[in-house]
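Residue numbers (this note's numbering), protein chains in the order written: chain Y, 972 to 1157; chain R, 972 to 1157.
Ideal Cβ placement from N, Cα and C applies to all residues, glycine included.
For clarity, every value in this text was computed on a predicted model and none was experimentally measured.
2 protein chains.
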Amino acid sequence: MAPRKQQEIFDATLRLVAERGYDGLTVEGVAERSGVNKTTIYRWWPSKAALLGAALVEADVLGFEPPDTGSLRGDLVALVEAMAGLLTRPPARDIALAALGAAVRHPELDGRRFFADRFARERAVFERAVRRGELGGAADPMLIVDLLAGAVWVRAVFRGQPVTGGFAEEAVSAVLDGVTASHAGR
Amino acid sequence: MAPRKQQEIFDATLRLVAERGYDGLTVEGVAERSGVNKTTIYRWWPSKAALLGAALVEADVLGFEPPDTGSLRGDLVALVEAMAGLLTRPPARDIALAALGAAVRHPELDGRRFFADRFARERAVFERAVRRGELGGAADPMLIVDLLAGAVWVRAVFRGQPVTGGFAEEAVSAVLDGVTASHAGR
């Protein structure tokens, strides 16, 4: 299938799940919205779960390029800002919340693949930081990512509070420098 | 209403949302399961959203007492372990995922009240730490909580990976000491 056609299918899938929820998502609906024959879609993705799982990982609308600002701190701030944008700006916000919510409730969607794929791309940030001597080789990149991504999720999604105005810098500083180290002397 | 009766209603509410999802939750179902008249339930909580929102904050099954181990590090490790238990051990896990998922999709549930209530209780941990001189007065307790709670959420719920075997200690150490400070020398 042509990549452009595939993106149209993913786009229709994500927009439908955002509009109607996972229960309202159907391959028929995706066929109608994308103008691609239902049988063709089923040939590539055997179920709506497989289709949504693939869309999460591969759709351009949730696309992600790891930052390369020249410093670990700059890269992590850019990462947090990208996550904050994804979870607060429509239409990405509605798509991400609907798709991730469905992934939590429906293991057959294999939402873990989305996080594994993101982490594989984020690794570059940490490899460069180790090469530059900003991070020891024993540091745990997944822990760093999970602390930062998790803080954005809790603050923006669960608390419904802003993740702008210094939030990214403060979160990154807490994880890089420690809250006791950076605050105790004030 | 007697506190015990109220807890039976909350318990029925949370178990029903875990079994049937928010769409399958009805005040009628809660009345049947708890043996309390539907009209009585409506008199206290005007909608299923109000009922579930109250159950989230007040139900004993999601109950939470802030730890007091004598040190900030010990308290935070205990907090992370409590959150990890909540998000991995049935039945609390299924209840928490269903109720928090519903709160994200249905703002009328006012899920923010749950997080505000938890944070109000967690504050004691940080007030004691400041008094003991373990934390500067400028440190941001909500940021610390959101980093740690968020990491548990991402690791356990999104990645479906274990949050045992040193996870709590490592996450707390990252936030208290910083990943550059604690790892760079290794």
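Out of Y:F981, Y:R1044, Y:D1039 and Y:E1003, the CA that lies nearest to the CA of W1015 (chain Y) is found in Y:F981.
Within chain Y, not a single residue places a beta-carbon under 9 Å from that of D1046 (chain R); the smallest gap is close to 13 Å. By the Cβ rule, the region 1051 to 1059 of chain R counts as touching the region 1136 to 1149 of chain R, because three or more pairs are nearer than 8 Å. Taking the Cβ atoms as the reference, G1045 (chain Y) lies roughly 32 Å from R1083 (chain R), outside the contact range of under 8 Å. Residues of the region 1076 to 1089 of chain R with a Cβ closer than 9 Å to any Cβ of chain Y, in chain order: R1076, P1078, G1082, R1083, F1085, F1086 and A1087.
Counting C-beta pairs with one atom in each stretch, the region 1114 to 1127 of chain Y and the region 1019 to 1030 of chain Y have fewer than three that are closer than 8 Å, which means they do not touch. Considering only beta carbons, the part of the region 1126 to 1152 of chain Y lying closer than 9 Å to chain R consists of R1126, V1128, F1129, R1130, G1131, Q1132, F1138, E1141, A1142, S1144, A1145, V1146, L1147, D1148, G1149, V1150, T1151 and A1152, in chain order. Across the structure, Y993 (chain R) and A1063 (chain R) are spaced so that their CA atoms are roughly 16 Å apart.
Y:A1030 is the residue among Y:A1070, Y:A1055, Y:A989 and Y:A1030 whose C-alpha sits nearest the C-alpha of P974 (chain Y). Put simply, the backbone Cα of T1151 (chain R) is about 14 Å away from that of R1099 (chain Y). The residues D1031, in chain order, have a CB closer than 6 Å to that of Q978 (chain R) in the same chain once the five nearest residues on each side in sequence are set aside. Contact residues of the region 1002 to 1023 of chain R toward chain Y are absent (C-beta to C-beta distance below 7 Å).
Against chain Y, the beta carbon of G1072 (chain R) has neighbours under 7 Å at G1072, V1075 and R1076, listed in chain order. Taking CB atoms only, D1117 (chain R) has a neighbour in chain Y less than 8 Å away.
DSSP, read as helix, strand or coil, puts M1113 (chain Y) in helix. Burial check for A1120 (chain R): the Cβ neighbour count within 10 Å reaches 16 or more, so the residue is buried. Here R991 (chain Y) has G1000 as same chain residues with Cβ atoms under 8 Å from its own Cβ, once five neighbours each way along the sequence are excluded.
CA-CA distance, G1108 (chain R) to D1088 (chain Y), rounds to 39 Å.
Chain R places a beta carbon closer than 8 Å to that of D1111 (chain Y), counting this residue as a contact. For A1055 (chain Y), there are no C-beta contacts with chain R under 9 Å, since the nearest C-beta of that chain is about 12 Å from it. Each residue's CA atom was taken as its position, placing V1146 (chain R) and L1114 (chain Y) some 10 Å apart.
Residue range K1019 to E1029 is occupied by the alpha helix (DSSP H) that includes E1029 (chain R). The C-beta separation of A1026 (chain Y) from R1004 (chain Y) comes to about 12 Å, leaving the pair out of contact by the 8 Å criterion. With a threshold of 8 Å between beta carbons, L985 (chain R) makes no contact with chain Y.
A direct Cα-to-Cα measurement between G1149 (chain Y) and I1066 (chain Y) gives close to 33 Å.
For V1075 (chain R), the enclosing alpha helix (DSSP H) stretches over residues A1063 to R1076. Between L1106 (chain R) and F1097 (chain R), the alpha-carbon positions lie close to 8 Å from each other. With at least 16 other beta carbons inside 10 angstroms of its own, D1117 (chain Y) counts as buried.
When the beta-carbon positions are compared, F1086 (chain Y) and F1129 (chain R) come within less than 8 Å of each other. Under the 8 Å criterion on CB atoms, G1034 (chain R) is classed as non-interfacial with respect to chain Y. The residues L985, V988, L1023 and L1027, in chain order, have a CB closer than 7 Å to that of A1070 (chain Y) in the same chain once the five nearest residues on each side in sequence are set aside. Under the three-state reduction of DSSP output, W1016 (chain Y) falls in the coil class, being neither helix nor strand. By the neighbour-count criterion, in which a residue is buried when 16 or more other Cβ atoms sit within 10 angstroms of its Cβ, A1091 (chain R) is exposed.
For A1074 (chain R), same chain residues with a beta-carbon under 6 Å away, outside a window of 5 residues either side, are L1080 and G1082 in chain order. Shown here, F1035 (chain Y) sits in coil according to DSSP, grouped into three states, outside any helix or strand.
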